[in-house]
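Trainee: Have a look at the structure that comes next, please.
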Ligand code: SF4
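In our numbering, the protein residues as written are 724 to 1027.
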């Protein structure tokens, strides 16, 4: 199948024996450790369901998405249903999942899938990254999980496992992608990517890797280097505080608008900043500019 992704070319290479050993250890470990029972999107390979799950997972934790995924699919079971429901319905369903721009992107993507792709989630990398809100990671995840293309979805968990276990050194993104693509057992992109996610999320964690229970323990480059060796996994930037942030105010306003129109005099209190009307107006104006909200003739805010 053609994915549209360029071949990796020259890059990191593993000896065939080491690559086989890593594949064997992980594929033997994965069925015992699978988190699939608690992650409902894993029980479907319907391309649209995969697409929705990947948009939801972009900036929302798996546990939270797990609580909301089935409802989202029940409301918008196909791209056509999502497009026809209208943007406001998708934004309303999204309340509580954070970063509402993704709801707008999901609806816009559904419209494009219907009008330009005959209602089918695209099967090429280029067509996927052309959809709103879809970057290279999401496109690869959709190709692997929905269409069975042998490409790696390299999230933070996978970065941690590969840099610690396989190379023992920090890698730049292109090196990581080449390495990760080359490790996939042919035809197994879906279960392989999930196994690496699970290994990073449950065993090779950021602060307390459980090396004694890791299937890669005897192969792990970082472990072999000794306990004094620096962790090759680069720590992610510290997330900005949510409490009191613009993001929190945005979420409150969208949630309130999902229940009904908000007159401008109530903006600041709805957003939790009763003494800062100016800030409230600025953040509300951003949501209008992004097409999430609109204003009616009397200046009240509604879902667009
Ligand atoms: S042995 Fe430890 S550091 Fe190495 S991959 Fe396994 S959990 Fe991570």
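Glycine included, each C-beta is placed from N, C-alpha and C at the ideal position.
Once you ignore the five residues that flank residue 1011 on each side, which residues in its own chain have a CB closer than 7 Å to its CB?
Mentor: Answer for residue 1011: 1017, 1018, listed in chain order.
Trainee: Following the continuous alpha helix (DSSP H) through residue 830, name the residue where it begins and the one where it ends.
Mentor: Segment 824-839, the alpha helix (DSSP H) holding residue 830.
Trainee: Any heavy atom of the ligand SF4 within a distance shorter than 8 Å of the CB on residue 922?
Mentor: Yes.
Trainee: Do three or more CB pairs link the region 787-799 to the region 865-874 at distances below 8 Å?
Mentor: Output reads no: the region 865-874 does not touch the region 787-799.
Trainee: Contact defined as beta carbons within less than 8 Å: I believe residue 775 pairs with residue 869. What is the distance between those atoms, to the nearest angstrom?
Mentor: Contact doesn't hold; Cβ gap of about 11 Å is too wide.
Trainee: Given a cut-off of 9 Å, decide if residue 831 and residue 809 are closer than it, judged by their beta-carbon atoms.
Mentor: Their beta carbons are not under 9 Å apart, which means residue 809 does not touch residue 831 by this criterion.
Trainee: Identify, in the order they occur along the chain, each residue of the same chain with its Cβ nearer than 7 Å to the Cβ of residue 852, setting aside the five sequence neighbours on each side.
Mentor: Cβ within range, chain order: 858, 859, 862.
Trainee: Per DSSP, which residues does residue 1024 bridge with? Please list them.
Mentor: Residue 1024 pairs with 985, 1018.
Trainee: Any heavy atom of the ligand SF4 closer than 8 Å to the Cβ of residue 915?
Mentor: Checking the Cβ of residue 915 against the ligand SF4 gives no.
Trainee: Mind checking whether the beta-carbon of residue 824 lies closer than 8 Å to any heavy atom of the ligand SF4?
Mentor: No; taking the cut-off as 8 Å, the Cβ of residue 824 has no heavy atom of the ligand SF4 nearer than that.
Trainee: Consult DSSP for residue 1011 and reduce its assignment to one of helix, strand or coil.
Mentor: The answer is helix: DSSP assigns residue 1011 an H, G or I state.
Trainee: Can you grab the Cα-Cα spacing for the pair residue 922 / residue 944, in whole Å?
Mentor: Going from the Cα of residue 922 to the Cα of residue 944 covers about 16 Å.
Trainee: Would you call residue 880 buried or exposed, if buried means 16 or more other Cβ atoms sit within 10 Å of its Cβ?
Mentor: Burial call: buried.
Trainee: Can you give me the C-alpha to C-alpha distance between residue 895 and residue 948, rounded to a whole angstrom?
Mentor: Rounded to the nearest angstrom, the two C-alpha atoms are 21 Å apart.
Trainee: Hey, would you say residue 791 sits closer than 9 Å to residue 820, going by beta carbons?
Mentor: Yes, they are a contact pair.
Trainee: Which of the three DSSP states is assigned to residue 766 in this structure?
Mentor: Helix, per DSSP.
Trainee: Under 7 Å from any heavy atom of the ligand SF4, by CB: list those residues in chain order, please.
Mentor: Residues with a Cβ closer than 7 Å to any heavy atom of the ligand SF4, in chain order: 884, 887, 888, 926, 927, 932, 933, 934, 937, 939, 940, 943, 945, 946.
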